[in-house]
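In the UniProt record's numbering, the protein residues as written are 1 to 683. Taking it in order: structure first as structure tokens, then the write-up.
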Amino acid sequence: MAEAEPATEEPSGRLIVAFDFGTTFSSVAYARVSEKTPSDTVSITDVKCITKYPDDRAPPGVTFAWESREDVPTELWYSLPLPPKQRQSAYQSMQSSGKESMDEDPTSSDASSEFSCSFPEDAENPESEQENTGGDRGRSDTLFWGFGVQKQLKNIDIPKDGARRLIRFKLMLDEKSEETEDVRAQLSLVLKNLKRSRLIKQNTDVISDYLEQLFKHTKDELQRLNEYSVNMPIEFVICVPAVWPSRACRVMQAAMSTAAKGSELGSLVNGSLDNLFIISEPEAAASCVLAEDNNDIYENETIVILDAGGGTVDAVTYQITNSYPLRLSAEVVPPGSKLCGASYINERFEKLLLKRLKHENYLVKNGKTIKSIVEGKVIEFENGEKRFIDTASEYFETDPIYIDDLRANPKKRFFQNRLGISKREMTWVFQESLDEAANLLIEQLEMVKAKGFAVQKVILIGGFGQSPALRTHLRNVLATEKNFLGQEIHFLTPGTASTVVARGAVLRALNKDHGPSRITSCSYGFLLTEPYEPDEFIAHKNTRCIIDKADGEKYIEGTINWLIQKDESLPHNKEISIIVKHTFALNKKSAEIAGSITADMTFLRDEGHIQPEPPSGFSTYSGPKAPHHWAVKFELVMIIDGRNLRYKARWPPSNSLEARVYNQRVHGKGQVCIAAAFKPGTA
Numbered sequence: 001m002a003e004a005e006p007a008t009e010e011p012s013g014r015l016i017v018a019f020d021f022g023t024t025f026s027s028v029a030y031a032r033v034s035e036k037t038p039s040d041t042v043s044i045t046d047v048k049c050i051t052k053y054p055d056d057r058a059p060p061g062v063t064f065a066w067e068s069r070e071d072v073p074t075e076l077w078y079s080l081p082l083p084p085k086q087r088q089s090a091y092q093s094m095q096s097s098g099k100e101s102m103d104e105d106p107t108s109s110d111a112s113s114e115f116s117c118s119f120p121e122d123a124e125n126p127e128s129e130q131e132n133t134g135g136d137r138g139r140s141d142t143l144f145w146g147f148g149v150q151k152q153l154k155n156i157d158i159p160k161d162g163a164r165r166l167i168r169f170k171l172m173l174d175e176k177s178e179e180t181e182d183v184r185a186q187l188s189l190v191l192k193n194l195k196r197s198r199l200i201k202q203n204t205d206v207i208s209d210y211l212e213q214l215f216k217h218t219k220d221e222l223q224r225l226n227e228y229s230v231n232m233p234i235e236f237v238i239c240v241p242a243v244w245p246s247r248a249c250r251v252m253q254a255a256m257s258t259a260a261k262g263s264e265l266g267s268l269v270n271g272s273l274d275n276l277f278i279i280s281e282p283e284a285a286a287s288c289v290l291a292e293d294n295n296d297i298y299e300n301e302t303i304v305i306l307d308a309g310g311g312t313v314d315a316v317t318y319q320i321t322n323s324y325p326l327r328l329s330a331e332v333v334p335p336g337s338k339l340c341g342a343s344y345i346n347e348r349f350e351k352l353l354l355k356r357l358k359h360e361n362y363l364v365k366n367g368k369t370i371k372s373i374v375e376g377k378v379i380e381f382e383n384g385e386k387r388f389i390d391t392a393s394e395y396f397e398t399d400p401i402y403i404d405d406l407r408a409n410p411k412k413r414f415f416q417n418r419l420g421i422s423k424r425e426m427t428w429v430f431q432e433s434l435d436e437a438a439n440l441l442i443e444q445l446e447m448v449k450a451k452g453f454a455v456q457k458v459i460l461i462g463g464f465g466q467s468p469a470l471r472t473h474l475r476n477v478l479a480t481e482k483n484f485l486g487q488e489i490h491f492l493t494p495g496t497a498s499t500v501v502a503r504g505a506v507l508r509a510l511n512k513d514h515g516p517s518r519i520t521s522c523s524y525g526f527l528l529t530e531p532y533e534p535d536e537f538i539a540h541k542n543t544r545c546i547i548d549k550a551d552g553e554k555y556i557e558g559t560i561n562w563l564i565q566k567d568e569s570l571p572h573n574k575e576i577s578i579i580v581k582h583t584f585a586l587n588k589k590s591a592e593i594a595g596s597i598t599a600d601m602t603f604l605r606d607e608g609h610i611q612p613e614p615p616s617g618f619s620t621y622s623g624p625k626a627p628h629h630w631a632v633k634f635e636l637v638m639i640i641d642g643r644n645l646r647y648k649a650r651w652p653p654s655n656s657l658e659a660r661v662y663n664q665r666v667h668g669k670g671q672v673c674i675a676a677a678f679k680p681g682t683a
């Protein structure tokens, strides 16, 4: 008889899982902490990254020493079957799409719930997400994500017009940036098509869809590694850009909740994440750098964090206010940002190949087009040679690119099945992004110097921050710069720049001391129907009132009683309550909805705690036959609990006559996460 395998012991403790949702690549880091382990004793070596992403493969030609990537492309592919009449024309349109030209060739001369919150900036940015919300959300049979999108692009016989590929969709949350305006306009066209095809209802669905796939893979990996069990508490952390408005943080908060629900990773309270922690990307990165080497950053130093990602390169300057645990001040000068990330190197590489191959029409066959051939080569470049090239090195070389069936032509630098790339061409591919990143850094340093601050260190992070070409270029630029005191500026490059934000976010979540003050960026209140009093409230005079059929009195619908005001300082625990009245006719039997609270108060009638009331002197009903009604006064309570907001309906109200006779009970309750209402890093 075969021996029974020993049962695997379920992991214990709690998990901290941090998501760095990037413009072109995303990463996930985590740490499992036992109940007996003090949080501040967890080191950077205890923080691990999720790997083994679906369809992650070794680059062509790499047969050994290959390790699974710790980041994954932030890309989606919505498959959509073509109508029969379009299936043949799809290939024709693909062929014509391959005839792009390049401007310059470097190688030649040619609220309606009763619980509400107010977000001041929403009025300036009306959300069009209400459109196309009717009906079921149609979904394609297959949604590809991450490396799966790149795999699809390599399949050159796929009719690309029948697919919906999305990249850089994080930038749609950067609504007020002129820098991202063109990208957002391009995204808008794709998003409209997706909504028209009923693949999404609203623009932000694409973020939820991507995060859900990322959550599912994270859950699978944690279970495979025996780091997670269903009942284990999880604290989620999301990293956000320093320049994001609170509205963008709220969108991410909602998307995280949707992803957690769809993936069944962790638990939700009333459909909301419990005590989500939000941290700025620069502060998370700085926490990781400090943890890797305690001697690198000191209190009162001024540092520039240059986050070089796939879409944008961002520069933010901080002063260190606390060396351990590390904390950053508010920005010393306004942050800077440029669209010159690593994905724009890919774009120029694509333009170069399209230019070089535009007359090789014999390659167009068997479903292949010039465009599809080039797309496949761009993916190989992205995951291979691009990551090792240093264009500043006199010894750098470029390997010929394999193009199946390419005919030899010495004048064009074509060899049999090979296309030669010169150093000059490859330098052109990189140079604009290198120069723009350097210009951004210099601009930031000059602004800091003008304010009388001396920058001691520049920290380079982000996926593009791992590029030897960028590191060398910036090091050479900084060698010619001095700070306000005439001192040299040190250049720090973390070993794993692509995951430094996610790993640092885990450490920061474990130690929340000395964070920002708990100042809320929006208001919270209850949506109410209140008596119509035009003589008491000016706002009532120009507002249409309704007559309640139960008591015959005039009321104003949709008023909000604000209990928490924007810019208010909130303690970790606070309780605020108001007394409200609800009326219902004598024959009313069903439960009543108070926001997301279902508060069934019919027991008060059934148990004789309340009696029918006659119309008041303000009622439109009069005379001996005027109907009586039930009236219930109860207490609505708003409770601040860390980064959660809980709310309850209680009866009898505190300090009421009934409270002297009956014990107060909760008859309905709910909870929402309000982490996005605070500055990132707030405990």
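Yeah, the Cβ is synthetic: ideal placement off N, Cα and C, and Gly gets one too.
*Could you tell me whether any Cβ in chain B is nearer than 8 angstroms to the Cβ of Ala-342?*
Any reference to chain B falls outside this structure, which holds one protein chain only.
*Option in Ile-238, Gly-13, Gln-202, Glu-181 with minimal Cα separation from Arg-508*: Among Ile-238, Gly-13, Gln-202, Glu-181, the Cα nearest to that of Arg-508 is on Ile-238.
*With DSSP run on the structure shown, which of helix, strand or coil describes Asn-561?*
Strand, per DSSP.
*Determine, using beta-carbon pairs with one atom in the stretch 449-463 and one in the stretch 364-371, whether at least three such pairs fall under 8 angstroms.*
Touching, no, given that fewer than three Cβ pairs across the two stretches are closer than 8 angstroms.
_Looking only at its chain, what residues have a beta carbon closer than 6 angstroms to the beta carbon of Thr-493, apart from the 5 residues adjacent to it on each side?_
Excluding positions up to five away in sequence, the list reads Leu-460, Arg-471.
*List the endpoints of the continuous alpha helix (DSSP H) containing Ile-207.*
Where Ile-207 is concerned, the enclosing alpha helix (DSSP H) starts and stops at 205-224.
*Compute the Euclidean distance between the alpha carbons of Thr-312 and Val-47, then round it to the nearest angstrom.*
Rounded to the nearest angstrom, the two C-alpha atoms are 26 angstroms apart.
*So what's Ala-585 in DSSP terms, helix, strand or just coil?*
Because the pLDDT at Ala-585 is just 48, under 50, the model does not fix this residue reliably, and the value given afterwards should be weighed accordingly. Ala-585 falls in the strand class under three-state DSSP.
*Quick one: residues in its chain with C-beta nearer than 8 angstroms to the C-beta of Asp-296, no 5 flanking neighbours on either side, listed in chain order?*
Only residues of its own chain outside the window of five on either side were considered, and among them Val-289, Leu-290, Lys-457, Leu-492 have a CB closer than 8 angstroms to the CB of Asp-296, listed in chain order.
*If you count every other CB in all the chains shown that lies within 10 Å of the CB of Lys-423, and 16 or more means buried, which is it?*
Flag for Lys-423 reads exposed.
*Who does residue 769 pair with in a DSSP beta bridge?*
What is shown of the chain runs 1 to 683, which leaves residue 769 out entirely.
*On a CA-only basis, which of Lys-219, Gly-271, Pro-233, Cys-249 is nearest Gly-670? Give me that one, please.*
The option with the nearest alpha carbon to Gly-670 is Gly-271.
*If you draw a straight line from the C-alpha of Ala-111 to the C-alpha of Val-455, how long is it?*
Its pLDDT being 31, under 50, Ala-111 is placed unreliably by the model, and nothing is read from it.
*asked:* DSSP three-state label for Asn-193, please.
replied: Helix at Asn-193.
*Which of helix, strand or coil does DSSP assign to residue 697?*
In the structure displayed, the chain extends from 1 to 683; residue 697 sits before or after that span and is not available.
*Arg-348, DSSP secondary structure in three states*: Helix at Arg-348.
*How many angstroms separate the CA atom of Phe-147 from the CA atom of Pro-680?*
Phe-147 and Pro-680 have their alpha carbons spaced roughly 30 angstroms apart.
*Shortest alpha-carbon distance to Ser-68 belongs to which of Thr-74, Glu-75, Ile-50?*
The option with the nearest alpha carbon to Ser-68 is Ile-50.
_On a Cα-Cα basis, can you pick out the residue from Glu-635, Ile-640, Ile-373 that is closest to Pro-653?_
Looking at the Cα atoms, Glu-635 is the closest of the given residues.
*In terms of residue numbering, what span does the alpha helix (DSSP H) encompassing Thr-258 cover?*
Run containing Thr-258: 246-263, per the alpha helix (DSSP H) assignment.
*Please report how far the alpha carbon of Leu-339 lies from the alpha carbon of Asp-307, in whole angstroms.*
C-alpha separation (whole angstroms): 12 angstroms.
*asked:* With H, G and I counted as helix, E and B as strand and the rest as coil, what does DSSP make of Val-574?
replied: Here residue 574 is Lys; the residue named in the question, Val, does not match the sequence. Residue state, collapsed to three classes: strand.
*May I ask you to report which of helix, strand or coil DSSP gives Val-33?*
If DSSP states are grouped into helix, strand and coil, Val-33 belongs with the strands.
*asked:* Given this structure, state the Cα-to-Cα distance separating Glu-121 from Glu-179, to the nearest angstrom.
replied: In this prediction, Glu-121 scores a pLDDT of 44, lower than 50, which makes its location untrustworthy; no coordinate-derived value is stated.
*Please go through the stretch 489-570 and give each complete beta strand (DSSP E) segment of 3 or more residues, from N-terminal end onward.*
At a cut-off of 3 residues, the continuous stretches assigned as beta strand (DSSP E) that sit fully inside the stretch 489-570 are 490-492, 523-531, 554-564.
*List the whole-angstrom C-beta distance separating Ala-502 from Phe-19, where the pair is believed to meet the contact cut-off of C-beta under 8 angstroms.*
With a Cβ gap of about 7 angstroms, Ala-502 and Phe-19 count as contacting.
*What residue from Ile-578, Leu-510, Lys-261 has the CA that sits closest to Ser-208's CA?*
Nearest Cα to Ser-208 within the set Ile-578, Leu-510, Lys-261: Lys-261.
*Identify the continuous beta strand (DSSP E) that holds Leu-326 and give its terminal residues.*
First-last of the beta strand (DSSP E) with Leu-326: 326-328.
*Whole-angstrom Cβ separation of Val-28 and Val-42, contact assumed at under 8 angstroms?*
Not quite, the Cβ-Cβ distance comes to about 17 angstroms (not below 8 angstroms), so this is no contact.
*For Ile-442, does the three-state DSSP call read helix, strand or coil?*
It is helical.
*Taking Glu-347 as the reference, which of Thr-258, Lys-386, Pro-334, Arg-327 has the closest Cα?*
Nearest of Thr-258, Lys-386, Pro-334, Arg-327 to Glu-347, Cα basis: Lys-386.
*On the DSSP bridge assignment, give the partners of Tyr-318 in chain order.*
Per DSSP, Ile-303.
*asked:* Once DSSP output is grouped into helix, strand and coil, what is the label at Ser-39?
replied: Helix, per DSSP.
*Note the first and the last residue of the continuous alpha helix (DSSP H) segment covering Arg-475.*
That run of the alpha helix (DSSP H) goes 468-478.
*asked:* Give me, in chain order, the residues of the same chain whose beta-carbon lies closer than 7 angstroms to that of Ala-438; leave out the 5 immediate sequence neighbours on both sides.
replied: Residues His-473, Leu-474, Val-477 of the same chain have their beta carbon placed closer than 7 angstroms to that of Ala-438, with the five preceding and five following residues left out of the count.
*N-terminal and C-terminal residue of the alpha helix (DSSP H) that Lys-338 is part of*: Careful: Lys-338 lies outside any alpha helix (DSSP H), inside the beta strand (DSSP E) at 336-338.
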